[in-house]
Amino acid sequence: MIRFQNLFKRYAGGQDALSDVCFDLDFGEMAFLTGHSGAGKSTLLKIISLIEKPTRGQALLNNINLSRVSKRRIPYIRRDIGIIFQDHQLLFDRTVFDNVALPLIIAGYRHQEVGSRVRAALDKVGLLKKEKHNPVTLSGGEQQRVGIARAVVNKPPLLLADEPTGNLDPELSWEIMQLFENFNQVGVTVMIATHDIGLIKRMDHRILTLTQGSMSECTVEDLHA
Amino acid sequence: MNRLAGNGPQRGAADASRPASRLTAYFINHAQVFVSSLGKLYRAPLSNLMTVVVIGIALAFPMGMTVLLQNMQIVSGGWNGATQISLFTRLDVNDEQAAELGQRLRLMKEIESLHVLSRNEAMNEFRSLSGFGEALDVLEDNPLPAVLIIRPTPEFSTPDQVAILVEQLRDLPEIDIAQLDLQWVKRLYTMMEIGERGILVIAALLALAVLLTVGNTIRLDIQSRRDEIVIIKLIGATNAFIRRPFLYTGFWYGLLGGIISWIMIEISLGLLSGPVQQLAGLYGSSFVLSSMNMLNTLILFACSLLLGLLGSWIAVSRHLNEIEPA
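Line by line, the protein sequences give chains A and B. In this note's numbering, each residue carries its 1-based index in the first sequence increased by 6. In this note's numbering, each residue carries its 1-based index in the second sequence increased by 617.
Given below as structure tokens:
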């Protein structure tokens, strides 16, 4: 699904965000991406979601070389990635329903189809009753679940989450992680950037660690050690 | 990129579906944005109304002037082609001789009609029109010559041919002066041409003003929706998708501006028509100020729509690229 080969990213200012990063993430895998802030987690996610381009090396998404994607094709590739942001990035001038419907509208689904898919996605995250609410009126955890519903509504094969539990208390965080596990169990590839080590320890998944731009892989046992 | 068909999340929940075909999706989105962009204008009526009225005024001014000018052309159209040659006989030519000359000239193929004004008739006309009635009674002799008023046939009405005809008539022994009554028509036409040119210049400047107004309004709109644009870019919106609502907003500005300016022109012409009719009545004319014809209306709306779309297009293409991510 995702393959990084000797990837370097240097920003215009000269600081190296990623250096010589190599890793593979298979179809249907779930992995955590950890590291201190500034270690390059966000940069890595930005490269996958085509916001940044690598300086050197290759990033492949489903065998597509992301350095060579033309501007015109970027939107179509992004439609196959569900992105979840730490600060939800919801639009507060419309209802929960309309927020979740956005990817479907963009992709040009028919009206009836939009309705049933949005409700299915909201049902999955347990917010079916709040479809007519404005996101402002929801709690932080609920807003994050709206963000997740929006990310999965058009059934992308890959979910990327950037600190999805950053602002949530442990209990809510655990619920959110359970949601991601559910999606993973039906075949979605999931990659979650987080520095919530406590949470990762409770789950049994691959852990990719970035340290000052370099990647190493460790197991849950290493974290316990 | 291959989707994991049938293996995604929410399997079983409404899965018989793919997005509509690219073309259908395109039309669905156009229809949605067509309506929603109008709704957006409706939700902020005051500021949008101001923009629309500015566009309306800017368009109404040159178009209103054009309609007035066209009316002037209709008025003067009665004289157009009415090239008229006045032949003043020498004073020693009496009325009978003048009438006989008239008979002869009528046979010329260049002449369509000819009217002989005898010396007495000329005197009477002058007396009644000039207001010198009593003063003229003092004169012993009639100082006015007979006049032959000639209208050339349309085939011989080009300036060159008329000039030749005038030369020919001037050489007649009975004729003192041959005068071509064309000069003032030419002057009027030249003035109207200047007017037309002036309106074009004003129209061009005001069109620029409309472009800037629409462009600036759309620019502010883009800036205030920057966050939204970033988000929908990240979830896979194409630039065309992002551009569309702004272009439709420009379209609505243009259309509504056109309607406003049409109303303004009609009201202004309505206000003018009374006094104009009075004035025409004073000249013994039954001229009625005509309002915009079909072509004017079409041009007005074509211009307003074009300017609305163009203004928003410029703003969108300039400012959308500044918003990251690509």
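Just so it is clear, CB atoms sit at the ideal spot from N, CA and C, and this is done for glycine as well. From a predicted model like this one, the values you see are computed outputs, not experimental measurements.
| Query | Result |
| --- | --- |
| If we cut at 8 angstroms on Cβ distances, does glutamine 95 of chain A have a partner in chain B? | yes |
| Thinking valine 764 of chain B and alanine 795 of chain B are a contact (beta carbons under 8 angstroms), I'd like their distance in whole angstroms, please. | Contact flag wrong, Cβ pair sits at about 11 angstroms. |
| For the beta strand (DSSP E) containing methionine 909 of chain B, list its first residue and its last residue. | Counting along the chain, methionine 909 of chain B falls outside any beta strand (DSSP E), and DSSP gives it neither H nor E. |
| Less than 8 angstroms between the beta carbons of threonine 171 of chain A and threonine 40 of chain A, yes or no? | no |
| Hey, is alanine 630 of chain B's beta-carbon within less than 8 angstroms of any beta-carbon in chain A? | Interpretation of alanine 630 of chain B is limited by its pLDDT of 36, a score under 50 that renders its predicted location unreliable; the figure taken from the coordinates is listed afterwards. It does: the Cβ of alanine 630 of chain B has a partner Cβ on chain A nearer than 8 angstroms. |
| If you measure from the beta carbon of leucine 655 of chain B to each beta carbon in chain A, is any gap under 8 angstroms? | no |
| Does the distance from the CB of isoleucine 89 of chain A to the CB of leucine 31 of chain A come in under 8 angstroms? | no |
| Classify asparagine 619 of chain B: buried if its beta carbon has 16 or more other beta carbons within 10 angstroms, exposed otherwise. | Note on asparagine 619 of chain B: pLDDT 44, under 50, position unreliable in the model; the coordinate value appears next. Exposed, by the Cβ-count rule. |
| Are the beta-carbon atoms belonging to valine 142 of chain A and asparagine 105 of chain A less than 8 angstroms from one another? | no |
| Please report the residue range of the beta strand (DSSP E) in which proline 790 of chain B lies. | Element bounds for proline 790 of chain B: n/a, residue is neither H nor E. |
| Please go through the same chain and pick out, in chain order, the residues whose beta-carbon is closer than 7 angstroms to the beta-carbon of phenylalanine 904 of chain B, but skip the five residues on each side of it. | Val692, Ala897 |
| If you reduce the DSSP assignment to three classes, tell me which class glycine 147 of chain A lands in. | helix |
| Name, going along the chain, the residues of the region 854-879 of chain B whose beta-carbon falls closer than 7 angstroms to a beta-carbon of chain A. | Ala854, Thr855, Phe858 |
| So who's on the other strand from cysteine 920 of chain B, going by DSSP bridges? | According to DSSP, cysteine 920 of chain B bridges with nothing at all. |
| At a threshold of 7 angstroms, does methionine 808 of chain B count as lining the ligand ADP (C-beta to nearest heavy atom)? | Only the bare structure without any ligand can be found here, which leaves the ligand ADP out of the picture. |
| Please state whether the Cβ-Cβ distance between proline 862 of chain B and serine 653 of chain B is less than 8 angstroms. | yes |
| Can you look up aspartate 233 of chain A in the DSSP assignment and give me helix, strand or coil? | Outside the displayed range of chain A (7 to 231) lies residue 233 of chain A, so it cannot be described from this structure. |
| Are valine 779 of chain B and leucine 924 of chain B touching if we call contact CB-CB under 8 angstroms? | no |
| Since leucine 13 of chain A and alanine 65 of chain A should fall inside the 8 angstroms C-beta cutoff, what is the C-beta to C-beta distance between them, to a whole number of angstroms? | 6 angstroms |
| From what residue to what residue does the beta strand (DSSP E) around alanine 661 of chain B run? | Segment: none, alanine 661 of chain B is in no beta strand (DSSP E) and carries neither H nor E. |
| Check for me: the alpha helix (DSSP H) holding leucine 49 of chain A runs from which residue to which? | Checking the displayed sequence, the identity of residue 49 of chain A turns out to be threonine instead of leucine. Taken as a continuous stretch (DSSP letters only), the alpha helix (DSSP H) holding threonine 49 of chain A covers 47-54. |
| Flag this pair as yes or no: are the beta carbons of serine 735 of chain B and arginine 768 of chain B separated by less than 8 angstroms? | no |
| Do you know how far the Cα of methionine 881 of chain B is from the Cα of tyrosine 900 of chain B? | 29 angstroms |
| Sorted by chain position, which residues of the same chain lie with C-beta nearer than 8 angstroms to glutamine 894 of chain B's C-beta, five sequence neighbours on each side aside? | Phe904, Val905, Leu906 |
| Using a beta-carbon distance cut-off of less than 9 angstroms, what residues from the region 76-93 of chain A approach chain B? | Lys77, Arg78, Ile80, Pro81, Tyr82, Ile83, Arg84, Arg85, Asp86, Ile87, Gly88, Ile89, Phe91 |
| Helix, strand or coil: which one does DSSP assign to threonine 706 of chain B? | strand |
| Nearest chain A C-beta to proline 942 of chain B closer than 8 angstroms, yes or no? | yes |
| Name, in chain order, the residues that DSSP records as bridge partners for asparagine 71 of chain A. | A:Leu66 |
| Which residue wins for smallest C-alpha separation from asparagine 646 of chain B, given the options B:Leu872, B:Ile702, B:Phe858? | B:Phe858 |
| At a CB-CB cut-off below 8 angstroms, which residues of chain B make contact with proline 109 of chain A? | Ile852, Gly853 |
| Per the DSSP calculation, alanine 167 of chain A is bridged to which residue(s)? | A:Ile90, A:Ile198 |
| Is it true that the CB of tyrosine 865 of chain B sits closer than 8 angstroms to the CB of valine 669 of chain B? | no |
| Within the same chain, show all residues whose beta-carbon is closer than 6 angstroms to that of isoleucine 839 of chain B, passing over the 5 residues directly before and after it, in chain order. | His936 |
| What does asparagine 646 of chain B touch in chain A if you count any residue whose Cβ is under 7 angstroms from its own? | Gly114 |
| How many angstroms separate the CA atom of leucine 128 of chain A from the CA atom of lysine 138 of chain A? | 11 angstroms |
| What does isoleucine 849 of chain B reach in chain D if we use C-beta pairs closer than 7 angstroms? | Looking for chain D here will not work: the only protein chains present are A and B. |
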